[in-house]
Each structure stands twice: as C-alpha cells, then as structure tokens.
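Report on one structure; see the data block that follows.
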Amino acid sequence: MSQVPVIDAENLQKVYGAGGTPVVALDHVTLQVHQGEFVAVVGASGSGKSTFMNLIGLLDRPTGGSLRLDGVDVAKLTPNQRATVRNRKVGFVFQGFNLLRRTSALENVELPLLYAGVSAHERAEAAKRALTQVGLGERMGHMPNELSGGQQQRVAIARALVNQPALLLADEPTGNLDSTTTREILKLFVDLNVNHGITVVMVTHENDVAAVSRRVVQFKDGRVVMDGPPPAEWTPAVPAPWHTAASAPTSEVA
Amino acid sequence: MNLFTLLRLALRVISRNKARAMLTVLGIVIGVAAVIAMVALGAGAQQNIAKQIASLGSNLIIIIPGTTNIAGVRGGGGSSTTVDVDDIDALRREVKSITHLAPANRQQVQIVAGDANWGTTVQGTTPAFYVVRDWRTDVGTEHSELDEAAHNKVCVLGKTVAAQLFGTDDPIDQWVRIKKVPFRVIGVLSSKGQSPMGQDQDDTVVIPFSVFRQRLAGTQRDQIQVAYAAALDADSSQAAVDEMTAVLRQRHHLRESADDDFSIRNLADMAAASREVADSMTLLLGSIAGVSLLVGGIGIMNTMLVSVTERTREIGIRLAVGAKSRDILVQFLVEAVVLSAFGGAIGVLVGWLVARLLNDATGWVTIFDPTVAALAFLVSGAVGVFFGFWPARRAAQLDPIDALRYE
Chain H
769 MSQVPVIDAE
779 NLQKVYGAGG
789 TPVVALDHVT
799 LQVHQGEFVA
809 VVGASGSGKS
819 TFMNLIGLLD
829 RPTGGSLRLD
839 GVDVAKLTPN
849 QRATVRNRKV
859 GFVFQGFNLL
869 RRTSALENVE
879 LPLLYAGVSA
889 HERAEAAKRA
899 LTQVGLGERM
909 GHMPNELSGG
919 QQQRVAIARA
929 LVNQPALLLA
939 DEPTGNLDST
949 TTREILKLFV
959 DLNVNHGITV
969 VMVTHENDVA
979 AVSRRVVQFK
989 DGRVVMDGPP
999 PAEWTPAVPA
1009 PWHTAASAPT
1019 SEVA
Chain Z
-12 MNLFTLLRLA
-2 LRVISRNKAR
8 AMLTVLGIVI
18 GVAAVIAMVA
28 LGAGAQQNIA
38 KQIASLGSNL
48 IIIIPGTTNI
58 AGVRGGGGSS
68 TTVDVDDIDA
78 LRREVKSITH
88 LAPANRQQVQ
98 IVAGDANWGT
108 TVQGTTPAFY
118 VVRDWRTDVG
128 TEHSELDEAA
138 HNKVCVLGKT
148 VAAQLFGTDD
158 PIDQWVRIKK
168 VPFRVIGVLS
178 SKGQSPMGQD
188 QDDTVVIPFS
198 VFRQRLAGTQ
208 RDQIQVAYAA
218 ALDADSSQAA
228 VDEMTAVLRQ
238 RHHLRESADD
248 DFSIRNLADM
258 AAASREVADS
268 MTLLLGSIAG
278 VSLLVGGIGI
288 MNTMLVSVTE
298 RTREIGIRLA
308 VGAKSRDILV
318 QFLVEAVVLS
328 AFGGAIGVLV
338 GWLVARLLND
348 ATGWVTIFDP
358 TVAALAFLVS
368 GAVGVFFGFW
378 PARRAAQLDP
388 IDALRYE
C-alpha cells in the first residue's frame, strides 16, 4: 500500500442551486482510496454516488472540502490543469459509453492520446494495444453503431486505459448491459485490478456487481453510511482472487 | 493536436452534412465571386481608358482657342478665333519643352473617288501631326514639309475612308476629289479605333496644312481650331503647359486678372481623371460585394452555433478525456475557417468564370487578377476566423459535466 492515497477526500461537499433552495448532493464526505484497491460505490438513486464520482473524476467542482488525487490538491487547479489530470491520471467509463459517433473504435481510443500530444504513429500503436487488452483486437475499424453494447463498453474501457492512468473510474459501467456481458466486463475489471495494479472505483446499484469488489462504500442522502467488505449474503457476479480467502478479504489489500 | 489532424477532423465533420455546408458557404461564394468579377471588370475598364488615351499620342497636349465673350455672351470652347497661325509660330519658337507642334483645322466634306463617295472630316495639318499623335501610315508615306511648301495636293486616308472609297483595292496613287479639287492619295493611316469620346478616329482624311488654308479655309485662313503639341517627356508636360500659357497670354495682351482666352489640356490629367472615375466605380462595386461577404460570414456563424449545440455531447466527451478548452476552441475555429475558405475557393472559381462569360457575352474587357483572387480567398478565411470565433468560444466555455449531461 502506497503511503499517499490515490483519492483523499476530506469533508467533500457539493451543493446545487446555490441561489434558490439549495440541494445538498454531497454532505461532508471523507473517504480515502489507496493504490490497488477495488471499490464499489453503492446507494439509491440521488444518494450522491454519481456526484462523488464526477468530483473525483474532475468532471465537476466541489463547493466545499478538499480533494487530493495522488497528493495533489485538485481544488486549486486551473481548468487547463484539471484537463491534464483528466487526461493523464484518470480513466472514466460511463454507463452510456459516451463514444464519439461515426468515429471508428480505434480513433475513439486514440482520443485521449490526441490531447496528450502523442504522435499519430504512437497513438495508433497504443490504441491497438489497449483494444487488444480488452479483447477487441479484431474490430478496431468498426463504428460504435456497428458494435454490441458490451463491445462498445470495451472500447470505452480501452479509451480509459490508453493513457495508462493509475485510477479507473466507472459510473454504472454495466447498467446498460445484459448479465452475460456484465460478467465479461466485470472479469475485465478484476483482471485490470489484479494483473495490472489499476485502482478501480465503480458505481453500481446491483448487489452482485458490488459483491465482486473488495470494499463497498454505501452512500445515502449525500453521506457515507457504510464502508467495508461486501456483505456475505451478496453473491458475486464473477469470482475474484480475494473471494477464495474467505476469512477476511479486507486484510488482504495488497 | 497538429494542424493536419485538425484539418482532417474538420473535413470529416463538414462532409457529413454536405447540403448544409453548401448552403452555408453560398454567401461567401457569392461575395468572393462578386468581388473578383467586379474587380476584373473595373481593371478591364481601366485598361480600355488607358489604351484610348494612349491612342491620342504620348505626352500629348491639346491647345484649343477659348470662349468668346462679347458683351457678356460667352460662346463655347473653340467658338472664338483667338489662336492664329502667328501664335503657333510663336509657340514653336519660344517654348522649349515641346518637341513638335501641329495645328489642325478640320472641315466636314464629301470626298469622291470614281463612282464612290463618302462624307468625312478632312484635317489640314503639318507633318508634325503624325509624330505628335503617334499616328503613322500603314501603306504609302506621310506628307512632307516639301508638300507643305509646294502646296502639293496630296492626301493620306484614314482606314475607314480608304475602305469606303476603294474597298480592297490599293488606294495609293489613286485620285480623290475634295470640294472638286483633285488630290493624289499617298498613304493610308494605321487604325486608331475609337477616341475616348467614342468617335471613329479612322474616319478622316489628312491633307497639308498649307493646302487646307488655300483651298478649304475660306475667309478664316489664319484661324486655328486646334493644335497638338508633344512634350519632351511625361514629366515636362506640365511645364510645357505653363510655358505655352505664358506665351499665349502675353501675345493676347491679357491682364493679370483676365481669364485665359484659350485652353491647354494636358492628356496626363485627362487620363488621371478618367482613372479616378473608374477607381471609384470599382470601389463602389467592391463594397457591395463586401457586404455580401459580411452576410456570408453571418451564415457561417449561424451554422457553427447550430453545430456547437448539436455536438454538445461530443464536446463533453472530448473534455472528459482531457481536451483543454483551447483544443475545443481551435477545433471549431478550424472548422469555420475550412468552411469559409472552401466557399472562398469556389467563389474564386465562379468569379473567374463570370468574368470570362461577361467578356464572351458582352465584349467588355475583363482582367482576372490573381493577386485579387488570392486576397479575396484570404479575406474569406479571415471571415471564417471572425465569425467562427464566437461559436467556438461558446463551445470552449462549456463545462464538462453539463456538456456530458446534455440531451
């Protein structure tokens, strides 16, 4: 476990509609995620879990508290610096895939490298590697609308990974997928976490998806109400190495 | 992102909606085409004027007797008889900045050759005329000082007169009769075409000045209707005008306060005046074309605004994976410039075609100027930058999370 947490949120706060009746989406959340963790964020709709993800993915700005990514206070960054952090340190996977239409899988994956200033040749090489890694080496030239939902989500994951970020954020990555495809995507996440040391934070509202993780953080009304290993009664959708060590999964955080 | 990537991206986006792109750039196309066609037309008109003025002779100065003023009733230019042959002799003697001086008196006559006859203007003038007007003979010779001295009844025909009287036959050494006096044809003048005032300059016959005085002038044998002088060069033509004015004023005993009773016109000034008219015409037409460019630019702005709104999600995705707002700005700006430059390129082509068609269909001279075409193209690109900036800035200022949530 590295000494500096990958995510270090302290009294993180997000209030919408500051003018009229303010809505508190995130109410003083303090949370740390360390290198190599696999965290599932659960909670009902409107509990603040997506808001939390958007904040740590630097897509949105907090209205209070502090947030450090890899020890860097991101609240003080300029918009351009935030763009650079989004580009280099974080890979984001969305429920709705968010791929560019009429743009091939390969070019979608190349997109972060384009903004990182990587040369055309290296972009193509890295994008091919990432697509092969997620099992889509054969369909690089296809447009998103020619791919199944699971394949589109793999393209999105490849895009999130192509810049080799330390942190993979996934907001309901299996929300639009059937159970078979869900299992494939989850296997991919487990593989990335176990074999490539990528820290995974995944939002879900399904117990069997959350049960794949090593740590479950539950949100309710903008607060963290539970933080620990998945409850024993939840059946994981796919097996992970830490499930076999039945006694105390949390102690095995490497 | 390098320029090549940006251009490729812009071309791809534009080619997705070709009909829209064509309609968007239509304003620019019309604007640029109008600018190029108008300037081509203006340049053609200028060249015409320059050619016509040059056809009068280089460094030409024209001396015309002034208005009469009899008890306050002023006649028109040339109505008086203030300049006579002695004045011409004095000018020849005293003015150093002219090389040649040719008096020319004219009369409307009927000229007869065999069965054919033709009404034309006969000009009695000295051999200097051919030099001053830069008007030489194509066939035969000009009349000489010897012909002047001997009062030889010889004539040089203008192209039109030669064709009317002799058709395709050789007129040299044929006889024609002017006012029942037989003249021998010794030459045919080269073609001058139209004067700046639209007269056929070739419809004339030149005879020796001495013969004109003797046979045609009647009682007004000493009067001069017009005289042509040639200045040493273009720079000295104003000095020549001043010197001649001084000589004539002195000879006519004019007081300091009195107006000239003659007028001396410098052709360079006339050319400048004509050019000014043509210039302001070009400017007027050009500004109308410029307005059309402006309207075209607004069309591009409109399309880009729609495009930014339509592609809000795309912008969100790009921002989410690390695009800086400058990247987005440049992307949309390049798109606008590619659109407008595309319109500009088509406009240059259309303008060139229109100029050529005008030339073919109406006979107006049009001169296509590559510099103007390049300039119009650059301006169309600048229009893209100017009118694309606001939409691009709107795109660049989007918040990532808002853009991603946009439906």
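Chains as they are written, first to last, in the working numbering: chain H, 769 to 1022; chain Z, -12 to 394.
From the three backbone atoms N, C-alpha and C, an ideal C-beta is built for every residue, glycine too.
These numbers were taken from a predicted model, which means no experiment stands behind them.
Discussion item. Would K311/Z pass as an interface residue toward chain C - the criterion being a Cβ-Cβ separation below 8 Å?
Written reply: Absence of chain C from the displayed structure is noted, the protein chains being H and Z.
Item to complete: Rounded to whole angstroms, what's the CA-CA distance from D246/Z to H239/Z? Just pull it up for me.
Response: 11 Å
Worksheet item: Based on the DSSP secondary-structure assignment, which residues constitute the bridge partners of I36/Z?
Response: Paired residues: none, contrary to the question.
Practice prompt. Quick one: list the residues of chain Z neighbouring T852/H, beta-carbon separation under 9 Å, in chain order.
Written response: G309, K311
Worksheet item: What residues of chain Z sit near L868/H, judged by a beta carbon separation below 7 Å?
Response: E301, I304
Worksheet item: Between A276/Z and the rest of its own chain, which residues show a CB-CB distance below 7 Å, the 5 nearest in sequence each way excluded?
Response: G18, A21, V22, M25
Worksheet item: Once you ignore the five residues that flank P773/H on each side, which residues in its own chain have a CB closer than 7 Å to its CB?
Response: Q800, V801, H802
Discussion item. So, for D190/Z: in the same chain, excluding its five sequence neighbours on each side, which residues have a beta-carbon less than 8 Å away from its beta-carbon?
Written reply: T107, T108, G145, T147, V148
Worksheet item: Just the Cα atoms here: how many angstroms apart are D841/H and M9/Z?
Response: 49 Å
Worksheet item: Going along chain Z, which residues have a C-beta under 9 Å from L827/H?
Response: G303, L306, A307, D386, P387, I388, L391
Worksheet item: Residues bridged to R897/H by DSSP?
Response: Answer is none; R897/H lacks a bridge partner.
Practice prompt. Tell me, please, whether the stretch 175 to 186 of chain Z touches the stretch 34 to 53 of chain Z by the rule of three or more beta-carbon pairs shorter than 8 Å.
Written response: yes
Discussion item. When you compare the stretch 320 to 328 of chain Z with the stretch 363 to 379 of chain Z, are there three or more beta-carbon pairs, one atom per stretch, that lie closer than 8 Å?
Written reply: yes
Practice prompt. Output, in chain order, the set of chain H residues within a Cβ distance shorter than 9 Å of D314/Z.
Written response: A851, L882, Y883
Fill in: Buried versus exposed call for T972/H [16 or more other C-beta atoms within 10 Å across all chains shown]
buried
Practice prompt. Could you tell me whether the Cβ atoms of I98/Z and N92/Z are closer together than 8 Å?
Written response: no
Practice prompt. Determine the extent of the alpha helix (DSSP H) in which A382/Z is found, giving its start and end residues.
Written response: 357 to 383
Fill in: C-alpha gap between R200/Z and Q212/Z, whole angstroms
12 Å
Item to complete: Please name the residue, chosen from I50/Z, W351/Z, Q95/Z, V352/Z, that lies closest to H87/Z on a Cα-to-Cα basis.
Response: I50/Z
Worksheet item: Just checking my contact of V82/Z with M231/Z at CB under 8 Å: how many whole Å lie between their CB atoms?
Response: 5 Å
Worksheet item: Got a sec: does the ligand SAM put a non-hydrogen atom nearer than 7 Å to the Cβ of V969/H?
Response: Annotation note on the ligand SAM: not contained in the displayed structure, which lists no ligands.
Discussion item. Can you check whether the C-beta of T296/Z is within less than 8 Å of a C-beta belonging to chain H?
Written reply: no
Worksheet item: Bridge partners of W162/Z, per DSSP?
Response: R171/Z
Item to complete: Find the residues of chain H that neighbour R3/Z, judging by a C-beta separation of less than 9 Å, and give them in chain order.
Response: R870
Item to complete: Starting from the beta carbon of L879/H, find every residue of chain Z whose beta carbon is closer than 9 Å, and list them in chain order.
Response: I304, R305, V308, G309, A310
Practice prompt. Return the residue from the list L794/H, F806/H, I775/H, Q781/H that minimises the CA-CA distance to S981/H.
Written response: F806/H
Worksheet item: Which residues, taken in chain order from the stretch 925 to 936 of chain H, show a beta carbon closer than 7 Å to some beta carbon of chain Z?
Response: R927
Item to complete: Look at the alpha carbon of T155/Z and the alpha carbon of V143/Z, and state the distance between them as a whole number of angstroms.
Response: 16 Å
Fill in: Within chain Z, the residues that P912/H reaches when beta carbons sit closer than 8 Å
Within 8 Å Cβ-Cβ: nothing; P912/H doesn't reach chain Z, min ~11 Å.
Discussion item. Please confirm whether F860/H has its beta-carbon closer than 8 Å to some beta-carbon of chain Z.
Written reply: yes
Item to complete: Would you kindly check if the distance between the Cβ of F987/H and the Cβ of G811/H is under 8 Å?
Response: yes
Practice prompt. Output, in sequence order along the chain, the residues in the stretch 259 to 272 of chain Z whose CB is closer than 8 Å to any CB in chain H.
Written response: none
Item to complete: May I have the straight-line CA-CA distance separating V962/H from S312/Z, to the nearest angstrom?
Response: 36 Å
Practice prompt. Taking all protein chains shown into account, decide if Q919/H is buried (16 or more other Cβ within 10 angstroms of its Cβ) or exposed.
Written response: buried
Fill in: chain H within 8 Å of T349/Z, Cβ atoms only
no
Fill in: Start and end residues, alpha helix (DSSP H) containing T349/Z
312 to 349
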